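Under our numbering, the sequence shown is numbered contiguously, ending at residue 88.
Comments concern the structure below.
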Amino acid sequence: MTNLAQIEARMDQYESAVIDLYEGIRDAAAVVDLIIADDDMPRRKSRRLQIVRRTTQRSKESIALFERALANLEAERRRYLAGEVDG
Numbered sequence: 002m003t004n005l006a007q008i009e010a011r012m013d014q015y016e017s018a019v020i021d022l023y024e025g026i027r028d029a030a031a032v033v034d035l036i037i038a039d040d041d042m043p044r045r046k047s048r049r050l051q052i053v054r055r056t057t058q059r060s061k062e063s064i065a066l067f068e069r070a071l072a073n074l075e076a077e078r079r080r081y082l083a084g085e086v087d088g
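In structure tokens:
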């Protein structure tokens, strides 16, 4: 059985992961600006932009998973605090 401290530690880990993913998306936006400003061939630019777009999409999907997991952990934490679960 999981105790309250373990739940809160996992919540902290997930929150840190979400922050890291959001920072990655922000960094990807900066990369897009650099790609667009580059004098490279359009085909090469397109390929690079596709890679950034896919990476950003995966980050968004991961964020959604972590946010759902955080919501579940928060619900479990509330049950502990309400005394509904022995820990």
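Think of the CB as a built atom: it goes at the ideal place given N, C-alpha and C, for glycine as much as any other residue.
A quick note: this is a predicted structure, and the numbers were derived from the prediction, not measured.
Residue i, DSSP secondary structure in three states
i          : result
residue 19 : helix
residue 56 : helix
residue 4  : coil
residue 85 : coil
residue 39 : coil
Residue i versus residue j - alpha carbon distance
i          : j          : result
residue 57 : residue 4  : 34 Å
residue 13 : residue 55 : 27 Å
residue 60 : residue 86 : 34 Å
residue 49 : residue 10 : 37 Å
residue 37 : residue 22 : 23 Å
residue 70 : residue 6  : 16 Å
residue 65 : residue 30 : 19 Å
Own chain, CB closer than 6 Å to residue i, minus 5 neighbours either side, in chain order
i          : result
residue 79 : none
Any non-hydrogen atom of the ligand ADP closer than 7 Å to residue i Cβ
i          : result
residue 19 : Among the ligands in the structure shown, none appear at all, so the ligand ADP cannot be discussed.
Spatial neighbours of residue i in its chain, beta-carbon cut-off 7 Å, leaving aside the 5 residues before and after
i          : result
residue 39 : 46
residue 77 : 8
Same chain only: Cβ atoms within 8 Å of residue i, ignoring 5 sequence neighbours per side
i          : result
residue 74 : 8, 11, 12 and 15
residue 68 : 19
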